[in-house]
Each structure stands twice: as C-alpha cells, then as structure tokens.
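Protein chains in written order, with the numbering used here: chain A, 1238 to 1588; chain B, 1238 to 1588. Quick reminder that beta carbons are idealized off the backbone N, C-alpha and C, glycines included. The structure presented is a predicted model; accordingly, all values stated were derived computationally and were not measured. A short write-up of the structure that comes next.
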C-alpha cells in the first residue's frame, strides 16, 4: 500500500472522512485510526528506531515522517498521527527530561516551587523546526489522508513535572493543587500556553485535526477536574475553535465527559468503560465520540474482536459522529495484522 | 488508648456502630476505618514487621493480632480489619506465591490452562488455623470495636493468577476471559469457592462484618463485569446473607456500582470519583455506601483534608447509611497523625 492511497473519502469529497466525522457530517463508515499506531507494535518501527533514542527520533524530520507514515501504509487507517511525545515541547523549551524505555518520561528536577514554574518558558515555533518541517512534508505525502497533531493537556503534563515521572496515583500532584492552588494555576496556566503554542505550530504547518491528550484526567473527581484542570484545557482548546477539529482524550473519564466537551472539544474520546451510545447521552445533543475498543481485547483472538468492533460501530450510531479508535494506546505486543483487519472490518460494515 | 476502649456506640447499644451503619440504622456519626490502616504508615507496624516476610506475618496469630490492634489503639477507629492479604488463602491451599516488597504478589507459575485451574483446591478451615485463632483472640481483645474480615474477589484474584502478578491493564486476564470463557468461569468459580470458604472461616471465628475486595473490577466495562465477574462475586456473597454485613469494594467503579450491589452487598465501596450522594442515587433506595476520601489528599495539609471530610460526611447523608473511609488504601508514606485527626473530626461533626 502506498503512503497516499487513493482514499475512498477523497474520491467522494475534498474533506477527509475524519474531519467530516469530527464535525458531525455523515460518511460511509466511521474513520479509523489507533492511538499509538506509530509505535512498537510495528516491526518496521522497531527497525527504524534501533539505535536512536525516543527524543532524538522526535527531533528528526526524516524519522518523524517515516514513522508517521508507517501505519498508514500498513493498515490503511483513515488518519495519520504525528509521531512525537507529549513531553517534546517541554524538552524543546529546556526542561530536563529523558524518556526511559519501559518507564516513560523522567524529569531531572521535579517542578514544585514558584521559581521552578517561572523557569518554564513559552514555546515558539523556532523551538521545534523539525516538527513544522515534518508536518509540511507529511501533509504533501499523505494526500487525502489527514494528519492529526497533538499535545499533552496541562493536568497530564503537570503530573509528570510534579511527580518527576509517571505516577499511579498522582498523589503529589493532587496534594500540590489543593495545598497550593495559586502555584498550581500558575503551573497549569504556563503549560496551557506551551500546549496551545505547540498545537498552533502544528496547525500552521498543516495538520487537519488536533488531539489534546489528558490521559490521566480520570484520576480526578469532577469537582477537582472542574476547578483545577478544565480551565487550563479550555485555554488550550478554545482559541483553536474554527481552525481544525479538536479531539479531547482521557481514560477513566466516565464522570468527566460533559466537562471535557465543555472545555472546547469537537470530539470526546471515550474509553471502554462507557458504551458509546451512553457516552453520547451524557455528552448531549450533537456530540461526536471517539473510541472505544478495549486494547486488552487485541490479544483475545479474532472472533472476540470482530464481535466487539461490530458492537462499537453500532453503539457509535447513537452519537452525531464516531471516530473508531481504541480506548487507549496500542499495546507494544499487539499483532499488527489484527489492527489491519479491524480497519478492513470497519470499512466493510454496512452503513 | 487501650485496645478495647469503652466505645461510645457500645455504651448506647450492643450493636457496633459499623454494623448499625451497614444495615441502614442511624447512629451519632458515620463509623470510620481506613483500608490498609494496619500497615506501613504506622511506625509500630514497621517495627514488628522488621525481619519477617509479609506472608509469615500473615501466618502468625501473634503478629496478626498485634498488627490488627495497632490502628485501633492509635487512631480510635470504629472497626479493626484483620491483618492479612488477599492472596493468603491461595498460598494456604498450595499456590506458589511470594509477596515482593514494592511489587505485590508474584505467582511462581501463572495459571492459564484447565490443568492449572484444576490444581487449585478449595480451602478448608484446617488450612488457615492461624486466621481462626487470631480472629477469636481479637474479638475478645477488641470488646465493642468490631472486627472486619475480608477476602479478594474472584476477578481480582484471577487477575493476579493469570498475569503472574500485579498488572496495569489486566490485558492477559481480559483476553483470557473473552477467548476462553469456559476456562475463565471454571477459574473464577473455583476462586469464589475459596473466597467463600475463607470468609466463612472468619465469620465462624467471630468477625462481625466482611469486605470483598474487587480492587481491579473497575478495569472492566459493565457488560464484561456482568458476564465475567459478577456471578462469581455473587457466589461468594449471597450464601453469607444474614450472617454478617457484606461490604463490596473496588476502585474506578462508577459504572459498576448497581451491579456490585446486586452481587449481594449490604454496603458498596465508592472511590473519590463519584460523590457519595450521587453514588447513593445510582445504587437506589436503601443503599449504604463506604468511602470516599481521595488518599492523595492525605498529603495536602489539614485545611484541605478538613474541608474534604466535612463535604464527604455531608454527601454521605444522601445515602441510607455511610461508613467513612478512604477511596482506596492508606499510602505507606501517610503521616499517621492525620488519620487520627480525621477520626476525631468525623466523631465530632454534628449529626
């Protein structure tokens, strides 16, 4: 399969199916992509990454381009997502972060004081020339297949910075936001500026959709989310209204879905805990959902996956639009043939 | 404070406040206890555990007794919970398991085949004489303070056995239940027999309440929970109806609360993601709830905790009964003085 297959939706309309679905316009089937589709599940990814650190790969226009294209070539997905990492804009503005294999981002000096926060500077386009270069090249290469840009949401980025790395319970972060609300808002506000600037670089270079990853937002109660996270996610998303569709994603967010929409999302990501028709009900009229196959089922054998995909597509009809995806990222040990087969199945289902 | 303080509720009634609350009878304040109150947050716990493995401590009537009493002495909580571990009955029936500090239970040979499952034998009282001995002694020592017994629910126990240890995503377990439903039900059914037998030993020896820990149930969708977990939790809980109140606990269970009640619970544990009044609404008339302070707030300073405790007690009034607890276990680095102060605050609030 070539990098820019003559996609069915392009033949029908100049607007990619992903963008159509995200804006509530009907299409022949739900567009399909997979979070972390460009990653370790692909042997061709492991081959090009050999000998290169994650951060170096994220700063090489050639590697960004190649890795972003790999799942499009292999699976025929309806969207590419820029190969990068949510901590990349922090690294690009001088925060000492390493991405440790099997662990995740590890922060040299956790950020917990006013002085630490004030050292975080806002990103400008000159900090990430490789991103803009890669996006421009990718948009040309991808033809009718849209490119999704992304950033980490302020709460999720702040959790890494405060904890010093990945955390199960986000205990230091939650204690910090409650004990030092002014400092918290200063930190999250700064991270919102960085995320918005980073997404703007990507949009200016040509991405057709963006996703804000608030992966860990579901650790918060609705009250805490509303007070400490939502205003900052809104500061990222609202200024982008009308430029490209905005997807807002987290896991464990059953209680937060309407708030995540209210933050300025055109599409709300839903994990497998809430059926898409129920998610649409919670979100209210006109809601577009993304999701929600449990990644754990990718190892359960095709009959199980086939039934789950059909059920999810059916439940997605309860929303005003549906982008098919997993409820979280592709696990590294996933058989990539299973992903290809899921794309084929979604594309073949009766409208 | 002595091990058997002249508790206020005993002065008023022979029925402990915990049992009254669990059965929907009003009391002067919500009874308070903390999951993992007998544990590493206490210096006296670390002192008696020094040089003894977790499993050896769980098999010593003297250590079980001492450790179970420690938080009652120190905090004046309204209930003791037997010091043990959810894998103890598996160890006692011959499953090769070690509890590794900082990791959790590690299984020698993960259980994934019919032959593996058929080697799991049902527990009988003779397998855990130290538990019955400790419970009998504790009930005498505790006087008016009730003792809670507990077991791990079949899904949570099965996840450890199938994965080989703790898991973030329970991927092997979920794939197994979907791909091999007959084997899954055989495994979970056997674990239900073990859990029921283990709780029966504790009830026969005198515990006044039991809690079924389905800590990881919230990883499942409601559909999967209903098909794969609920029938087995019901097989544990329903035969115990009328003997002692049954608390059913998990985290991330916002979607599952009514199903967890339907499994045969008198009290449903609620984590911090769902306010207790909203949980009561989902659970329906007559519901009794347990929870739901976010353990992450224990490090946020007293003013934050004070406000959160007051809010939770107020929200708990929306249920037919409320047992005050955290939404999950006490973190090891918790300042124990904070826990004592929470008990004092809940006891002092106006009814």
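>> Just to confirm, is the Cβ distance from residue 1305 of chain A to residue 1317 of chain A under 8 Å?
In response: yes
> Which one or two residues does DSSP pair with residue 1529 of chain A in a beta bridge?
Replying inline: A:1562
> For the segment 1403–1416 of chain A, which residues have a CB atom closer than 9 Å to at least one CB atom of chain B, in sequence order?
Replying inline: 1405, 1406, 1407, 1408, 1409, 1410, 1411, 1412, 1413, 1414, 1415, 1416
> Which ranges would you report for the beta strand (DSSP E) in the segment 1411–1475 of chain A if only whole runs of at least 3 residues count?
Replying inline: 1446–1450
> Is residue 1406 of chain B helix, strand or coil by DSSP?
Replying inline: coil
> Are the segment 1480–1500 of chain A and the segment 1518–1526 of chain A in contact at 8 Å, needing three or more beta carbon pairs?
Replying inline: yes
> Thinking C-alpha only, which one of B:1557, B:1530, B:1556, B:1555 is nearest residue 1580 of chain B?
Replying inline: B:1530
> When burial is assigned at 16 or more other CB atoms within 10 Å of the CB, is residue 1574 of chain A buried or exposed?
Replying inline: exposed
> For residue 1388 of chain B, which beta-bridge partners are listed by DSSP?
Replying inline: B:1449
>> DSSP has residue 1320 of chain B in a bridge; who is on the other side?
In response: None, per the DSSP bridge assignment.
> Roughly how many angstroms separate the alpha carbons of residue 1569 of chain A and residue 1532 of chain A, rounded to a whole number?
Replying inline: 11 Å
> So residue 1374 of chain A is in the alpha helix (DSSP H); what residue range does that whole segment cover?
Replying inline: 1366–1379
> Got a sec? Which residues, its chain only, sit under 8 Å from residue 1432 of chain A by beta carbon, not counting five neighbours each side?
Replying inline: 1326, 1388, 1389, 1390, 1391, 1394, 1449, 1473
> So, does the CB of residue 1541 of chain B fall closer than 8 Å to a CB anywhere in chain A?
Replying inline: yes
> Is it right to say residue 1411 of chain A is buried, meaning 16 or more other beta carbons lie within 10 angstroms of its own, or is it exposed?
Replying inline: buried
>> Can you pull the chain A neighbours of residue 1510 of chain B, defined as C-beta to C-beta under 7 Å?
In response: 1458, 1492
> Which residues bound the beta strand (DSSP E) around residue 1483 of chain B?
Replying inline: 1483–1486
> Using a Cβ-Cβ distance under 8 Å, would residue 1568 of chain B count as near chain A?
Replying inline: yes
> Hey, quick one: how far does the alpha helix (DSSP H) through residue 1553 of chain A stretch, first residue to last?
Replying inline: 1539–1553
>> Would you call the segment 1255–1275 of chain B in contact with the segment 1558–1572 of chain B, where contact means no fewer than 3 C-beta pairs closer than 8 Å?
In response: yes
> What separation, rounded to the nearest whole angstrom, lies between the Cα atoms of residue 1243 of chain A and residue 1313 of chain A?
Replying inline: Below a pLDDT of 50, predicted positions are generally treated as unreliable, and residue 1243 of chain A, at 40, falls in that range; no measurement from the model is reported.
> What did DSSP end up calling residue 1348 of chain B once you bin it into helix, strand or coil?
Replying inline: coil
> Whose Cβ in chain B lies nearer than 8 Å to the Cβ of residue 1534 of chain A?
Replying inline: 1411, 1412, 1415
>> Within 10 Å of its beta-carbon, does residue 1492 of chain A have 16 or more other beta-carbons around it, so buried, or fewer, so exposed?
In response: buried
> Over what stretch of residues does the alpha helix (DSSP H) that includes residue 1505 of chain B continue unbroken?
Replying inline: Careful: residue 1505 of chain B lies outside any alpha helix (DSSP H), inside the beta strand (DSSP E) at 1504–1506.
> Hey, residue 1361 of chain B and residue 1442 of chain B are a contact pair by Cβ (cut 8 Å); roughly how many whole angstroms apart?
Replying inline: Contact flag wrong, Cβ pair sits at about 14 Å.
>> With a threshold of 6 Å on Cβ separation, who are the neighbours of residue 1335 of chain B within its own chain once the five nearest residues in sequence on each side are excluded?
In response: 1343
> If residue 1266 of chain B and residue 1588 of chain B are in contact, beta carbons under 8 Å, what's the gap, nearest whole angstrom?
Replying inline: 6 Å
> According to the Cβ coordinates, are residue 1677 of chain B and residue 1466 of chain A closer than 8 Å?
Replying inline: As shown, chain B starts at 1238 and ends at 1588. That puts residue 1677 of chain B outside it, with no answer to give.
> Taking Cβ positions only, does residue 1531 of chain B come closer than 8 Å to chain A?
Replying inline: yes
>> Relative to the C-alpha of residue 1409 of chain A, which candidate in B:1576, B:1571, B:1340 has its C-alpha closest?
In response: B:1571
>> Considering only their Cβ atoms, is the gap separating residue 1440 of chain A from residue 1386 of chain A smaller than 8 Å?
In response: yes
> Listed in chain order, which residues of the segment 1468–1491 of chain B have Cβ atoms closer than 7 Å to some Cβ of chain A?
Replying inline: 1489, 1491
> Can you name the start and end residues of the alpha helix (DSSP H) that residue 1197 of chain A belongs to?
Replying inline: The shown model of chain A, from 1238 to 1588, leaves out residue 1197 of chain A, and the question about it has no answer.
>> Give me, in chain order, the residues of the same chain whose beta-carbon lies closer than 7 Å to that of residue 1328 of chain A; leave out the 5 immediate sequence neighbours on both sides.
In response: 1292, 1334
>> For chain A, check one thing: does any of its Cβ atoms lie closer than 8 Å to the Cβ of residue 1537 of chain B?
In response: yes
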